[in-house]
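The structure appears right after this line, and notes come after that.
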Amino acid sequence: MLSKRKWVLALLFVFVFFIVAYLEENNTLSTNYTTTLLEPQKPTEVYKKVMAWVDQSDKKIKVSAPVTNPPLIEYKSIQPFGEGVILAVEQSQDLYASENGLIIFTGYKKNTSKTMSVLYDTGETATFGFVAEFHQLPYTSVSPGDIFATVENELLYIQVEKDGKNLEMSELVDWLAATYE
Numbered sequence: 000m001l002s003k004r005k006w007v008l009a010l011l012f013v014f015v016f017f018i019v020a021y022l023e024e025n026n027t028l029s030t031n032y033t034t035t036l037l038e039p040q041k042p043t044e045v046y047k048k049v050m051a052w053v054d055q056s057d058k059k060i061k062v063s064a065p066v067t068n069p070p071l072i073e074y075k076s077i078q079p080f081g082e083g084v085i086l087a088v089e090q091s092q093d094l095y096a097s098e099n100g101l102i103i104f105t106g107y108k109k110n111t112s113k114t115m116s117v118l119y120d121t122g123e124t125a126t127f128g129f130v131a132e133f134h135q136l137p138y139t140s141v142s143p144g145d146i147f148a149t150v151e152n153e154l155l156y157i158q159v160e161k162d163g164k165n166l167e168m169s170e171l172v173d174w175l176a177a178t179y180e
């Protein structure tokens with residue numbers, strides 16, 4: 000069955016070629032396809048034209064856009080809680096890494112339930128509590144933009160330790176804004 004289709008397509012191609020040749024001889028068509036295809040002295044020219052026709056849909060267009068990091072979390076309010084802060088979030092969101100780092104803890108804590116800590120290459124340790132789902136295992140490295148957890152609750156606990164001390168609420172707001180601009 001397949002060979003019948005090949006023969007039909009071949010005959011159709013030959014028929015179309017003869018019609019185009021006839022129309023070019025009568026100056027009805029202003030193209031020179033038949034002369035180009037019938038000149039055996041220039042096979043490279045034929046190859047170039049066929050490849051140009053075949054590859055015309057594969058043209059690549061270079062596009063550039065500014066590279067932006069997704070925000071860590073979108074929140075509507077912030078309150079101090081223990082050694083960190085509680086963020087009120089409106090909907091389920093993914094948590095992204097801001098820098099290269101290593102996940103050093105995933106588990107449950109008494110005050111923050113499901114919790115994850117990330118040690119960034121900058122020396123900061125960020126702890127996220129009330130997390131709904133972990134996307135990375137402990138001792139896994141993360142790169143900027145990698146998703147490491149999901150928040151589905153209305154609250155998210157964040158604590159950032161820098162140079163051996165915990166950041167205050169105002170410093171945490173600045174850390175969130177500076178890290179993800």
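Just so it is clear: in the sequence shown, position 101 is 100 by numbering that gives the first Met the number 0, and no numbers are missing.
Ideal Cβ placement from N, Cα and C applies to all residues, glycine included.
Inset, instruction - Check PHE16 in the structure and name its three-state DSSP category. - result: helix
Legend entry - Close-in-space but distant-in-sequence residues of the same chain around ALA148 (CB under 7 Å, 5 per side omitted): LEU94, MET115, PHE127, VAL130, GLU132, PHE133, HIS134
Inset, instruction - Would you mind reading off the limits of the beta strand (DSSP E) that contains PRO79? - result: 76-80
Inset, instruction - Could you pull out every residue in the same chain whose Cβ sits closer than 7 Å to the Cβ of GLU89, ignoring the five residues on either side in sequence? - result: LYS75
Inset, instruction - Name the residue from LYS47, VAL13, GLN92, PHE16 whose alpha carbon lies nearest to the alpha carbon of GLU151. - result: GLN92
Legend entry - Same chain only: Cβ atoms within 8 Å of GLU180, ignoring 5 sequence neighbours per side: Its pLDDT being 47, under 50, GLU180 is placed unreliably in this model, and the value from its coordinates should be taken loosely. Correct list: empty, nothing qualifies.
Inset, instruction - Pull up the distance between the alpha-carbon of THR121 and that of VAL159, whole angstroms please. - result: 12 Å
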